[in-house]
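First comes the structure, then the notes that go with it.
Protein chains: 2
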Amino acid sequence: MTKIDEILREALKMYKPTPSEEEILKRVSEKIVREAILESSRYEGILDVTLEGSAAKETWVRGREEVDIFIHFDPTVALETLEKTVIELGFKVLRKLDGNPRLMYADHPYVEGRLGNVIVNIVACYKVNPPNWISATDRTPYHTKYVKEKLDQNARDEVRLLKAFMMCCGVYGAEIKMRGFSGYLAELLIINYGGFMETLREASNWIPPVVIDIEKHYKSKEEVLDVFGERHLIVVDPVDRMRNVASAVSEEKFSEFILASKLFSRSPSISFFKPREEIISKTSTIRGNGERCIVIVYFKLSSIKPPDVLWGELKKTENGLKKYLESSGFTVYRSDSWTDEENICLIAFELPSLTLPYVKIHQGPPVHNPNVLQFIDKWIKNEDRIAGPWISGTRLYILRRNNIRNVVEIIRKGLSENRVAVSKGLAEDLRKAEIYTSIEEVGNTRARKFLELFLDGRPAFLDRYEG
Amino acid sequence: MTKIDEILREALKMYKPTPSEEEILKRVSEKIVREAILESSRYEGILDVTLEGSAAKETWVRGREEVDIFIHFDPTVALETLEKTVIELGFKVLRKLDGNPRLMYADHPYVEGRLGNVIVNIVACYKVNPPNWISATDRTPYHTKYVKEKLDQNARDEVRLLKAFMMCCGVYGAEIKMRGFSGYLAELLIINYGGFMETLREASNWIPPVVIDIEKHYKSKEEVLDVFGERHLIVVDPVDRMRNVASAVSEEKFSEFILASKLFSRSPSISFFKPREEIISKTSTIRGNGERCIVIVYFKLSSIKPPDVLWGELKKTENGLKKYLESSGFTVYRSDSWTDEENICLIAFELPSLTLPYVKIHQGPPVHNPNVLQFIDKWIKNEDRIAGPWISGTRLYILRRNNIRNVVEIIRKGLSENRVAVSKGLAEDLRKAEIYTSIEEVGNTRARKFLELFLDGRPAFLDRYEG
Chain A
11 MTKIDEILRE ALKMYKPTPS EEEILKRVSE KIVREAILES SRYEGILDVT LEGSAAKETW
71 VRGREEVDIF IHFDPTVALE TLEKTVIELG FKVLRKLDGN PRLMYADHPY VEGRLGNVIV
131 NIVACYKVNP PNWISATDRT PYHTKYVKEK LDQNARDEVR LLKAFMMCCG VYGAEIKMRG
191 FSGYLAELLI INYGGFMETL REASNWIPPV VIDIEKHYKS KEEVLDVFGE RHLIVVDPVD
251 RMRNVASAVS EEKFSEFILA SKLFSRSPSI SFFKPREEII SKTSTIRGNG ERCIVIVYFK
311 LSSIKPPDVL WGELKKTENG LKKYLESSGF TVYRSDSWTD EENICLIAFE LPSLTLPYVK
371 IHQGPPVHNP NVLQFIDKWI KNEDRIAGPW ISGTRLYILR RNNIRNVVEI IRKGLSENRV
431 AVSKGLAEDL RKAEIYTSIE EVGNTRARKF LELFLDGRPA FLDRYEG
Chain B
11 MTKIDEILRE ALKMYKPTPS EEEILKRVSE KIVREAILES SRYEGILDVT LEGSAAKETW
71 VRGREEVDIF IHFDPTVALE TLEKTVIELG FKVLRKLDGN PRLMYADHPY VEGRLGNVIV
131 NIVACYKVNP PNWISATDRT PYHTKYVKEK LDQNARDEVR LLKAFMMCCG VYGAEIKMRG
191 FSGYLAELLI INYGGFMETL REASNWIPPV VIDIEKHYKS KEEVLDVFGE RHLIVVDPVD
251 RMRNVASAVS EEKFSEFILA SKLFSRSPSI SFFKPREEII SKTSTIRGNG ERCIVIVYFK
311 LSSIKPPDVL WGELKKTENG LKKYLESSGF TVYRSDSWTD EENICLIAFE LPSLTLPYVK
371 IHQGPPVHNP NVLQFIDKWI KNEDRIAGPW ISGTRLYILR RNNIRNVVEI IRKGLSENRV
431 AVSKGLAEDL RKAEIYTSIE EVGNTRARKF LELFLDGRPA FLDRYEG
């Protein structure tokens, strides 16, 4: 038995459910399906109730038990009615089972609950034949069917290894927070390449654009690129030739997966299968702490919203603040956001300096531009003109004084004067934000842990790699 | 009489020589020509001695009296012999007249001297017919002939106004120090546009590329651009269709002339005709002094060399230092050089900061590059790695510590380790340079005056414009 075989056997012991655990999940899902069918009979237009997702496909990872119940509606039912019905029905079913339901939102609203350690999602779809999709979830039953047909017992374990590897490497999950690989995408990779190590070996050699078209919906890679446009990763959906299963995968997560595959292939280790928390506690000393220039915009949430909505708002706001800092004259080395999804949000930036220089370059028009005299008249007597105008090439430039130089003041001014493109949903909370310039000022333990990882700056799989 | 007429009359009073001054220059030039002819008879291969330049064309500006004596050689004389002969002959003639000769260098060596306030140049050329040019100076006698034919008494005064305006605006002179408009070019502009104000009015509306082809050597502007390539200013030489008289004019001086023309056209004032020294003493308070970040590389010259050589070396060194500072992580807002052409050189930079940030971004390869693991292995255990590697797009990045952060130390290190692309001719002197970070440290009065102008940052004509 090779070293890799040993590692994978050990990993499988961690992530493959035992027969009794499988039995438990089976019973839980049957119970929910039964309740859902019962409840469904009280509504018109519901044609079917099915179990979908990793529980149906038997590809779930131990510790990540999840039951997806799909309520199939007649295509004549209005979308509004469908949404209203699935929310009502979902809440009823989950309340009855003590499942603590809450409203969630991906493309459409759905209901999430929890039974013991099992997450339950009650989701609506239309019962349609391909390719007459009405809503985004209509394909799911066909995905389930396809994967079940293609994966035997052994291949299902390979999927589990790949998902666990992706989880530990920080590239698993298609949600906005992650923008990584979905479970279905992991399954398709195993179907395409045949196994876990085969997938890693292939992914180590990926050069974008990567195109995977298992069912040969297209004649060539070129044809796929013509249809989908140049993208780093295109995996044509076997059940829908017009859909890229990897469309949510960001270039970064795609690249991180390539790199993680290379590192594991070169020096395989069980640590790639260990949760990050187990690893980092050993290695986390912040390099250059006290010397580095960090700004943290830290604020409390006044209302709870679905994670995908919140992360979307947070990422948009991070981007808006980044652009604002840049237009104010700062270079932004790095930025990231975090939220506990309930109370606290933060956006962190690393900069070369917390203070702008005394002066900045201000570009004027070319000398042959009709506005050139206007520019000169505007600036020649201005107190903020420190030098110039001089000419470089054909253009005028001046050195202009930076009147506000401190980054904290600049952010506060930007937020209070609405000059930052923040997400509307966070604007009110942001106005009450604290702005810190060292992580020691942050009291919340989880926020601080995130900031330590931010300062370390390595993706999950790299902070355990020591060469 | 309009305001402009009054200003131009006043300017002409300042810059047009009086009849008795004209008489004096005439006599001086005749004397030198006579001596040169006498001396020439002792050499073989000299066919003629003539007076050229502004004295011959009667377009010189009062206070800038200059006599160009051309020694015409037979085309069969070797270039080496020609150069040797003109140096020998020039030194003899000027010594005899107490002219204090020194060796100069433009395209070829020539001899410069001084009689009273008159500068004398003794220059060699080959006596050839167009277009059989052998050396760069062969065209000059044809230039003289052309200009004399084209300019009447009145037009010669218009040339004087244009030259004086260009001098005061800091765009006159084709030498490397200036890279501006030559006297011949000013004459051609007057010939082309008809007068001083006409030239300024046209120049105010110049939009590059500007093409002037007085003798219609070409059918169209497009044809000229095809032959000379895209350039901001092309003035086809009337005596040589293959030569651009404005080839030495930098984009900056071209643009400065456009802007000066616009400003004078809009608010004409005699101050545009006043030497800079008269103006700046009134206006020179350094804005933001003490807050601005200035580095001055100040060094002594161990040997005297022709100004064009020295300025070329100095500009090359300035550029090398600028690139070195940028590659070291500094932004260079502005830079300039100065020398008294005898003892002292300096190169000045204005930067946002005198200190580099604690860290800088260091770019690694894309993840799909074969060297990616090498990059990781190199940096993962390196003490200077402060954060990362992380992935942005498909590429790796780290934050790397700047071990030397002070600009003075960085320049010293660069010079001592030969990591700056300096001119060879200055390398030895540069190693003993002083590096200052405030102009108060500079003792030399003229150097300090230059630095005050550098900090002001306006071209000559703009520091007298107050809107």
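Line by line, the protein sequences are chains A and B. All residue numbers for the first sequence refer to our numbering, where the first residue is 11 and numbers rise by one. All residue numbers for the second sequence refer to our numbering, where the first residue is 11 and numbers rise by one. The C-beta atom is built at its ideal place from N, Cα and C for all residues, glycine as well. None of these values were measured; they are calculated from a predicted model.
Note that the stretch 192–199 of chain B touches the stretch 254–261 of chain B; at least 3 beta-carbon pairs, one per stretch, sit closer than 8 Å.
Counting only residues of its own chain and dropping the five nearest sequence neighbours on each side, A:Leu199 has a CB closer than 6 Å to the CB of Thr209.
Distance from the CA atom of B:Lys137 to the CA atom of B:Asp148, rounded to whole angstroms, is 7 Å. Close to chain B, meaning a Cβ-Cβ distance shorter than 8 Å, are the following residues of the stretch 296–324 of chain A: Arg297, Gly298, Glu301, Arg302, Cys303. Distance check between B:Leu356 and each of B:Ile306, B:Leu331, B:Leu364, B:Gly322 places B:Ile306 closest, using alpha-carbon atoms only. Under a criterion of Cβ atoms nearer than 8 Å, the residues of chain B adjacent to A:Ser402 are, in order, Glu262.
Within the stretch 265–279 of chain B, the residues whose Cβ lies closer than 7 Å to some Cβ of chain A are Ser265, Glu266, Ile268, Leu269, Lys272, Arg276, listed in chain order. Rounded to whole angstroms, B:Phe83 and B:Leu57 show a C-alpha spacing of 6 Å. Taking the C-beta atoms as reference points, B:Lys442 is found no nearer than 8 Å to B:Phe282. Beyond the five residues adjoining it in sequence on each side, B:Met252 comes within less than 8 Å, by CB distance, of Pro141, Val237 in the same chain, given in chain order.
If the five residues before and after A:Asn381 are omitted, its C-beta is found closer than 7 Å to the C-beta atoms of Pro375, all from its own chain and listed in chain order. In the DSSP assignment, A:Gly123 forms a beta bridge with A:Val130. Chain A has no Cβ within less than 8 Å of the Cβ of B:Arg286. The closest CA to that of B:Glu360, considering only B:Arg241, B:Ile132, B:Trp143, B:Arg344, is found on B:Arg344.
Interface flag for B:Leu383 against chain A is set, since a Cβ pair is found closer than 8 Å.
With the rule of 3 Cβ pairs closer than 8 Å, the stretch 13–24 of chain A does not count as touching the stretch 102–110 of chain A. Annotation: Cβ neighbours of A:Ser363 in chain B (cutoff 8 Å, chain order): Ser363, Pro367. By the C-beta density criterion, B:Glu197 is buried, having at least 16 other C-beta atoms within 10 angstroms.
The three-state secondary structure of A:Met176, taken from DSSP, is helix.
Nearest CB-CB separation between A:Trp216 and chain B: below the 8 Å threshold. Rounded to the nearest angstrom, the gap between the Cα atoms of B:Ser64 and B:Glu122 is 16 Å. With contact defined as three or more Cβ pairs closer than 8 Å, the stretch 118–134 of chain B and the stretch 64–76 of chain B are in contact. When rounded, the separation of the alpha-carbon atoms in B:Ile144 and B:Val169 is 29 Å. Looking at the backbone, the Cα of B:Glu31 and that of B:Val133 are separated by about 24 Å.
The stretch 460–472 of chain A makes contact with the stretch 266–273 of chain A, as at least three CB pairs between them are under 8 Å. In the three-state reduction of the DSSP assignment, A:Ser347 falls in the strand class.
Nearest Cα to A:Thr365 within the set A:Pro248, A:Ser338, A:Glu93: A:Ser338. For the pair A:Leu440 and A:Glu451, the Cα-to-Cα distance works out to about 18 Å. Secondary structure at B:Val245: strand, using DSSP grouped into helix, strand and coil.
Under the three-pair Cβ rule at 8 Å, the stretch 347–354 of chain A counts as touching the stretch 314–323 of chain A. In the DSSP assignment, B:Tyr203 falls within the alpha helix (DSSP H) that extends over 193–203. Between the beta-carbon of A:Ala431 and that of A:Lys333 there is about 7 Å, and that keeps the pair under the 8 Å contact cut. The beta carbon of A:His378 falls within 8 Å of a beta carbon belonging to chain B, placing the residue at that interface.
Nearest Cα to B:Asp346 within the set B:Gly467, B:Glu93, B:Glu49: B:Gly467. Only Leu465, Asp466, Gly467, Arg468, Pro469, Leu472 from the stretch 461–473 of chain A bring a Cβ to less than 7 Å from some Cβ of chain B.
Here A:Lys173 is buried. Its C-beta has 16 or more other C-beta atoms within 10 Å.
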